[in-house]
Structures are given as C-alpha cells and as structure tokens.
Amino acid sequence: MSASIAEVREIRAQIRHWRRGRVDTTLMEALSDAYIAVFSALVLGAMAANVIINLHVITSGGCSSVSCLDARDALGWLFGLAAITVVLAAARLLGPMLVTPAVGTWLLTTPLDRTALVRGRLVGTAVVAALVGAALAATGAALSAYPADVIGWLTLLAGVVCVLLVGAATVDQAREGPVVRLLAWSLGAVLWVGLVLVARDSVPALLRVPAVAPLRVAVGVTAVAGAVLLVLAYRSLRLIRRERLVSGGMLLPGISGALASLDLTLFYDILVARHWRARSSVRVVRGRGIGASALVWREVVRLRRTPQVLIALAAALVLPYLATALGLGHLMVMVVTFTGFGAGVGLFTSLRVLSRTASLLRCFPLPAAAVRGACLGVPGAVLVLWGLAATPAVHDAIGGAWATNLAVALACGVVSATAAVRWMTSRPPDYRLPLITSPMGAVPTSLYFSVLRGFDVLVLGTVPLLVAPTTNGAAVSMALMAAVLSFLVSRP
Amino acid sequence: MSAPGRSSKTPPLLRVRGLTKKYGDVEVLSGVDLTVTAGKALALRGRNGAGKSTLLRCVTGVDAPTSGTVELDGEAVDERSVRVRRDLAIVLDDMDFFPDLSVVEHLDVFARAHGVADAEQVVDEVLAEVRLTPQAAQLPGTLSSGQKRRLALASAFVRPRRLLVLDEPEARLDQAGLVWLTERLLREKAAGLGILLASHDPDLVAAVADRVHDLDRPT
Chain A
8 MSASIAEVRE
18 IRAQIRHWRR
28 GRVDTTLMEA
38 LSDAYIAVFS
48 ALVLGAMAAN
58 VIINLHVITS
68 GGCSSVSCLD
78 ARDALGWLFG
88 LAAITVVLAA
98 ARLLGPMLVT
108 PAVGTWLLTT
118 PLDRTALVRG
128 RLVGTAVVAA
138 LVGAALAATG
148 AALSAYPADV
158 IGWLTLLAGV
168 VCVLLVGAAT
178 VDQAREGPVV
188 RLLAWSLGAV
198 LWVGLVLVAR
208 DSVPALLRVP
218 AVAPLRVAVG
228 VTAVAGAVLL
238 VLAYRSLRLI
248 RRERLVSGGM
258 LLPGISGALA
268 SLDLTLFYDI
278 LVARHWRARS
288 SVRVVRGRGI
298 GASALVWREV
308 VRLRRTPQVL
318 IALAAALVLP
328 YLATALGLGH
338 LMVMVVTFTG
348 FGAGVGLFTS
358 LRVLSRTASL
368 LRCFPLPAAA
378 VRGACLGVPG
388 AVLVLWGLAA
398 TPAVHDAIGG
408 AWATNLAVAL
418 ACGVVSATAA
428 VRWMTSRPPD
438 YRLPLITSPM
448 GAVPTSLYFS
458 VLRGFDVLVL
468 GTVPLLVAPT
478 TNGAAVSMAL
488 MAAVLSFLVS
498 RP
Chain B
78 MSAPGRSSKT
88 PPLLRVRGLT
98 KKYGDVEVLS
108 GVDLTVTAGK
118 ALALRGRNGA
128 GKSTLLRCVT
138 GVDAPTSGTV
148 ELDGEAVDER
158 SVRVRRDLAI
168 VLDDMDFFPD
178 LSVVEHLDVF
188 ARAHGVADAE
198 QVVDEVLAEV
208 RLTPQAAQLP
218 GTLSSGQKRR
228 LALASAFVRP
238 RRLLVLDEPE
248 ARLDQAGLVW
258 LTERLLREKA
268 AGLGILLASH
278 DPDLVAAVAD
288 RVHDLDRPT
C-alpha cells in the first residue's frame, strides 16, 4: 500500500483542481467584485488621507508652545513604537505561523514536509506585517508634522522592523521560548516610559525629529538583521508543533466571524476564552459570604487573578496627563472617559458571561438585577477610583476650583464604568428582526448599531462635561448615567 | 505495511515510562508505565477526567509530558518527526475538516499524502467499509456527528500504520458501526498492528483488548 511520500505541490495541485471544478462565479461577477473592492479601497484610502491631512493642519496651527511642539515631535516616534508593538502582539496572538484546523488534521499529521506547507505563510505574514507597521508609523509621523523625507525613512524603518519581528516571533514559536512575550512587554514598557516623559514635559533629545542619515543606517542594519532572522525562521518551520500552528488557525476564523458580524463583544469573548484555555488551571480560592455578597467576593478574587488588567488600567493613567502636555483643554474629559472605558472594560468579564446566555443567570436564586449589580460593584468602584486619580490632569486642563475638578473626574469615572457595562451587556444582533438589503447581503437592522454600543453611552455622558465642565455638568452627566445603569441592570 | 513478529521476546512497539502530566499544580497523570507490542491491543480504562485523553495526547506527542518518556521502537515520540507521523495512526477527538472538500476527497488527499500508491482503490474500499459511499461527494458540514466519526476512523485505515491510537472510537457510532469497529480492530491485530485505545465500552474492550490499564487505580 505504501510508496514514496507525495510532494506538497502535488497535493496542493490536486486540491486546487477539485476547487476549480466547483467554482460557480462567472467572469462578470468576479470583475464586478474586483471593481467594488478597488473602488472601496480608493474611497476609504482617500478618506483616511483626508483625515490625516486635516489633523496635520489642526495640530500645526494650534500647537505653538515649546512643550506642545516637543510633545508633538516625540509622538511621531512613540506612534511608530506603538505600531511595531501592536504588530508584534498580533503576531504573538496568532502564532505568527498558523494553519487552518483542517490542514492541521489532514496534512500536518502526514509525513509531508511541513516547511513546504508553511513557508508561503511566512512570506505572506512578513509582507502583511511590514505593510501594517509601515502604514501605522507613517500616520504617526505625518500627524507629528515631520518632513516628507523623514516620514519616508521612518515608514521604511517601521516596515523592516516588523519583518524582523515576524522572523523572531517565528523562531520563538518553534523553540517555544519566552523571548517574544518578554519583547512585547519590554516594548510596551518603553512606550509607556516615553509617554510618561512627554507627559512630564521632559522629552529627551532622542525623541526629537530624527535626521535622515542615522535613519538610513538604521534601515540598512535592520534589513540585514531581518533577512538573517527570516532565514532562521524558515529553517525553524519544521520544528513548530502542530498544536501551535493550529491554535492561531482556530482563532482567526472566530475573530473574522465576530468582526464580520460587527460583534466586538464576541471578539472579546474569543480572546478571553483563549487566554484561559492557555492558562489551564488556577489556584483555588474558597468563597466567602452568602447570596449576592458571595458574588462580590468572587469579583475580588477575579481581579486578583488577572492583575494584568489592573496594570493596564494603571498604565493608561498616563494618557490624561499626556493630553495635558498636548494642551487639549476641555477635550481632556473625553480623553479620560474614553481611556477609562478602553482600559477598564476588561474588568467586567463576569457581567459579559452573565449577559451572553441566560443559562448562568438562571442558576442564581436572586433577581437578575441583584446578580448583575453584585458583579459590577467591584469593577465599577475600581473605574471610579481610576477617574478620581485623573483629577490633577483634569485640574491642569480645565483650571478652576479643585472641588469642581474632583466632581468632573468622578463623573468621568462613572461614565467609563457605565459605558463598559453597556458594552459588556450588549446582545448579539437579532436575526429574527426585519432584514434590510445591503452590499453584504440581508442584515438585521440592529447589526449596525451593535458596533456603537458602549460608545453611545460614552458620548451621552461626556457631552454634558464637554459643554459645562463644572459641578452642574458633572451632576447632569452622573444623573444620566444612573438612569442608563439602572436600565441595563434591571432589564430582563 | 509491515507486520513485525509477535513472539514474547519481541521488544515493545510503544513504551511509556514514568509519564507524569501536570496542568499548573494539578497532576492529571502520575508515573504511568505501559507497553504495547505488535499484534496486541491495550485498552485504557478510567472514569471521566481520569486522564485517558491526556495520556493519549502525550503518547502521540501532541502534548509534551511533564516528566517521563514515550518511545516508539526505542525512539522518543514527537509529532514533528516524520517517522512518528508515518507509523502512528491517531484518531483523537480534535478532528477537523476542510469545509469545501468532500468526504472522498478528504480520504484521498490523506492517503496520497501518506504515499499510498493505489489511493483510489484503498479509499473506495474503506469508504464502503465505514458505510460512507453514499456520502462520498458530500461536504463534511452536511454529515451527522456519527458520520463524521466514521470519516475520522476511516482516515486511520486508508494509510500505512504500525500503531493505532484511538480515543473513544465507539463514540457516536450506531450498533452496526460498533460491530464493524470491533471486527476491524481484530483484523488490525491479526495483521500485526499494535493498538492503544481509550474506551468506555466494556464489550469493545472485552472483544479487542489483550490487556487493560486502569487509570483509576494508583500505579
């Protein structure tokens, strides 16, 4: 029954042959799809470029003080650093090398050469990483009003660094080492320190507008290092375990599905589930209290179990102070509420689990409102405290009495917490509702609004503070949030 | 397909020594020792959560044990090794499918990837055996869970193999499927293959297994 092992290209050719045999798209349909794709890319690209140019004009005109100019110069660098950190984090999340679960089951379990199966993915990932990193870095450099040649070299540098990181991440994936995890944390820490320096108005000379000559050298050196790492990565491909390759392949369709249905909470669920699957077990902590207080205690335990959420929240506190350095004035309240929401939404995981299905809620011998209230008490208090910790930044930005600014900061914390509750308690789009025609096919009317959940409450609570950053504005904002919270907690 | 001799002095095909697996502080398996020789079947028995599937994942190199060794013909088992992939036919519970390849195409590509020269004939025979011939052109998404299970089992029989590792192969099979599975495993043994299976079906274990390893009992 056995003979020589088939070549990967033979297998691929066979699968391609089958697939081509069942293609049911006509040439006109393919051309029409291509036209829509190109047209959409051009329109969206033009819109993005327009936004960047306008922001560039605004920052150039409104930023004239020395501290603001220093901060703006540093932001170009920091944006670039953030871009490569994001690319590295995404690479680590997905593998970076991955295959679909079907390939994992039917091809990786055979004696086929794994390098041949995966090498195309290595090249593709490096190209995509370079493009994404370069685009993000170019945006940051353009917003910082760097000269055109500097923007060009910085963009190139970011792209090459991203290729290098993909190579390093692939080697690390095969060796199952901690290098990339440590590197991602280190980049995050460096970024944070940079933001702190800018916020403290002590921007080092290193973060000023770079000269072109050293940038050229950096691009050359990084390109050589990137090429070496790509070769090492190629030679490591056969050593990557099947589980590690399939893991990212299982994640990607879930994420794509969640984003395609504009269901960001589902996207969050997928990431959380993956995190806990990888962790596998935890140290047992016994419960305390009876009834709702037992749920409150469980929230305390959960916070202790996920200190990284608290660390991220604490680190994010630098952003309001950074906004002060940039002279954003009353817009500060928006920075506080949006940052608090973004960094603190992960505190409300229990609420998400209870809202996703009714099955768990039914297990508690308490009214649904009591269960939800018990689950949001501790994380809500943490976010309100976080808002209060931003009081000095609010005071610097708005001025006036400390008591007033304390009330505004308190309201900001309440707005962030309420928006997080709204986001976490959102329900998936209801496909039983009337459907409307769209280029994506028939979609329920609630689909488009599902992506706005959370942000709607943020706007509702932030507008009174923007219009009147006073005690009255804070009172109106908190009254609105109390009404929203009461609705969200008590609905069936 | 090779069929090694079966004298009592034949070295074991698979040897597991002192295998321990921990998830964090939780010890799922503790010092497991077992051997499987060619032409013999060893069944793993244990309550839910006893560690049967974990043991099979470690034995097949899918998971790395915390300590201990797993050897196939005296060589450490690692699923990245081409030799291990060639000799071990594994059906665990993590089977996935190409959404756009039919039942017969799955088996065909699998057989060809294993270098089976007469792939078409072998695939047709095995398809008939698992009663999936009428579904040969169907996509996996349209199969029932029992049919998917039969397709997964079929994947083990369209390729060369020396050791079969099966995790609850009886799961989701109907009565006729159980009868077929029992007969097939007996034929595999007679052909000189080693079998390691985890099962909750006492009839299947009694009919097929030469020895039983109880994971509920301390080793």
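Top line first, the protein sequences correspond to chains A and B. Using my numbering, read the first sequence as starting at 8 and increasing by one per residue. Using my numbering, read the second sequence as starting at 78 and increasing by one per residue. Idealized CB from N, CA, C, for every residue including glycine.
Using CA coordinates, which residue listed in Pro154(A), Ser193(A), Leu172(A), Ala206(A) is at the minimum distance from Val219(A)? The shortest C-alpha separation from Val219(A) is found at Pro154(A).
List the endpoints of the continuous alpha helix (DSSP H) containing Lys99(B). For Lys99(B), there is no enclosing alpha helix (DSSP H); the enclosing beta strand (DSSP E) covers residues 91 to 100.
Could you tell me which whole alpha helix (DSSP H) segments of length 4 or greater appear in the stretch 451 to 483 of chain A? Counting only runs of 4 or more, we get 453 to 457, 462 to 474.
For Thr5(A), the three-state DSSP class (helix, strand or coil): An answer regarding residue 5(A) cannot be provided, because it is not within the stretch 8 to 499 covered by chain A.
State the Cα-Cα distance for the pair Leu241(B) and Arg124(B), rounded to the nearest angstrom. When rounded, the distance between both Cα atoms is 22 angstroms.
Could one say the Cβ of Val154(B) lies closer than 9 angstroms to chain A's Cβ atoms, at least one of them? No - not a single Cβ of chain A is within 9 angstroms of the one on Val154(B).
Just tell me which of Leu119(A), Ala149(A), Leu258(A), Val360(A) has its CA closest to the CA of Val193(B). Taking only the C-alpha atoms, the option nearest Val193(B) is Leu119(A).
Collapsed DSSP secondary structure at Arg207(A) in the structure displayed: In this structure, DSSP gives Arg207(A) a state outside helix and strand, which the three-state scheme calls coil.
Sheet register partners of Asp167(B) (DSSP bridge): In the sequence as displayed, the identity of residue 167(B) is Ile instead of Asp. Ile167(B) is bridged to Val242(B).
With a threshold of 7 angstroms on Cβ separation, who are the neighbours of Asp251(B) within its own chain once the five nearest residues in sequence on each side are excluded? Correct list, in chain order: Gly223.
Name the DSSP beta bridge partners of Arg122(B), please? When beta bridges are read from the DSSP output, Arg122(B) appears opposite Asp291(B).
When the Cα of Ala330(A) is compared with those of Met104(A), Arg498(A), Ala397(A), which residue comes out closest? Ala397(A) is the residue among Met104(A), Arg498(A), Ala397(A) whose C-alpha sits nearest the C-alpha of Ala330(A).
From which residue to which residue does the beta strand (DSSP E) around Leu146(B) run? Leu is not the amino acid found at residue 146(B); the sequence shown has Thr there. 144 to 149 is the extent of the beta strand (DSSP E) around Thr146(B).
Stretch pair the stretch 184 to 202 of chain B + the stretch 265 to 281 of chain B: three plus CB contacts closer than 8 angstroms: Result no; under three Cβ-Cβ pairs closer than 8 angstroms.
Name the chain B residues that come within less than 8 angstroms of Asp245(A), Cβ to Cβ? In the sequence as presented, Asp is not what sits at residue 245(A); that position holds Arg. The answer, in chain order, is Arg157.
Please state the DSSP three-state secondary structure of Asp77(A). The answer is helix: DSSP assigns Asp77(A) an H, G or I state.
Touch test, the stretch 214 to 221 of chain B against the stretch 156 to 171 of chain B, Cβ-Cβ under 8 angstroms, three pairs minimum: The count of Cβ pairs closer than 8 angstroms, one atom from the stretch 214 to 221 of chain B and one from the stretch 156 to 171 of chain B, stays below three, leaving the stretches out of contact.
Would you mind telling me which residues of chain A sit closer than 8 angstroms to Ile167(B), beta carbon to beta carbon, in chain order? Against chain A, a Cβ distance below 8 angstroms from Ile167(B) picks out Thr116.
Take Ala322(A) as the anchor and find which of Gly52(A), Ala97(A), Trp192(A) has the nearest alpha-carbon. Ranked by Cα distance from Ala322(A), the options Gly52(A), Ala97(A), Trp192(A) are led by Trp192(A).
Measure from the C-beta of Glu36(A) to each C-beta in chain B and report whether the shortest distance is under 9 angstroms. Output row for Glu36(A): interface = no.
Would you mind listing the alpha helix (DSSP H) stretches within the stretch 369 to 444 of chain A that are 4+ residues and don't spill past its ends, in chain order? Within the stretch 369 to 444 of chain A, the runs of alpha helix (DSSP H) at least 4 residues long that lie entirely inside it are, in chain order, 375 to 396, 398 to 405, 409 to 431.
For Ile158(A), which residues in chain B fall below 7 angstroms Cβ to Cβ? Under the 7 angstroms cutoff, chain B gives no residues; its nearest Cβ is about 43 angstroms from Ile158(A).
Alpha helix (DSSP H) runs contained entirely in the stretch 306 to 365 of chain A, provided each spans 4 or more residues: Counting only runs of 4 or more, we get 314 to 323, 325 to 332, 339 to 351, 356 to 363.
Start-to-end residues for the beta strand (DSSP E) that takes in Thr33(A): Element bounds for Thr33(A): n/a, residue is neither H nor E.
Figure out for me which residue from Ala149(A), Leu138(A), Ala144(A), Pro374(A) has the closest Cα to the Cα of Val173(A). The option with the nearest alpha carbon to Val173(A) is Leu138(A).
May I ask you to report which of helix, strand or coil DSSP gives Thr296(B)? Its pLDDT being 48, under 50, Thr296(B) is placed unreliably by the model, and nothing is read from it.
Leu273(B) - containing beta strand (DSSP E), residue span: It spans 271 to 275 - the beta strand (DSSP E) in which Leu273(B) sits, taken as one unbroken run.
Using a Cβ-Cβ cut-off of less than 7 angstroms, give me the residues of the stretch 94 to 120 of chain A that come near chain B, in sequence order. From the stretch 94 to 120 of chain A, only Pro108, Ala109, Gly111, Thr112, Trp113, Leu114, Thr116, Thr117, Pro118, Leu119 have a Cβ closer than 7 angstroms to chain B.
Residues within the stretch 170 to 181 of chain B neighbouring chain A, beta-carbon criterion of under 7 angstroms: Answer in chain order: Met172, Asp173, Phe174, Phe175, Asp177, Leu178.
In its own chain, which residues sit with a C-beta less than 7 angstroms from the C-beta of His63(A), not counting the 5 before and 5 after it? Around His63(A): Ala149, Leu150, Ala152.
Just grab the DSSP bridge partners of Ala137(A) for me. DSSP lists no partner for Ala137(A).
Among Glu182(B), Asp195(B), Arg236(B), Glu148(B), the one whose alpha carbon lies nearest that of Thr210(B): Ranking the options by Cα distance to Thr210(B), first place goes to Glu182(B).
Taking the straight line between their C-alpha atoms, what separation do you get for Leu189(A) and Ala176(A)? In this structure, the alpha-carbon of Leu189(A) lies about 11 angstroms from that of Ala176(A).
If we ignore side chains and look at the alpha-carbon of each, how far apart do Leu124(A) and Ala206(A) end up? Cα to Cα, the separation comes out at about 48 angstroms.
For Ala10(A), which residues from the same chain have a beta carbon less than 6 angstroms from its beta carbon, with the 5 sequence-adjacent residues on both sides left out? Residue confidence for Ala10(A) is low, a pLDDT of 46 falling below 50, so the modelled location carries little weight; the figure read from the coordinates is stated next. Answer for Ala10(A): no residue qualifies.
Shortest alpha-carbon distance to Leu495(A) belongs to which of Leu161(A), Val450(A), Pro471(A), Val428(A)? When the alpha-carbon of Leu495(A) is set against those of Leu161(A), Val450(A), Pro471(A), Val428(A), the nearest one is in Val428(A).
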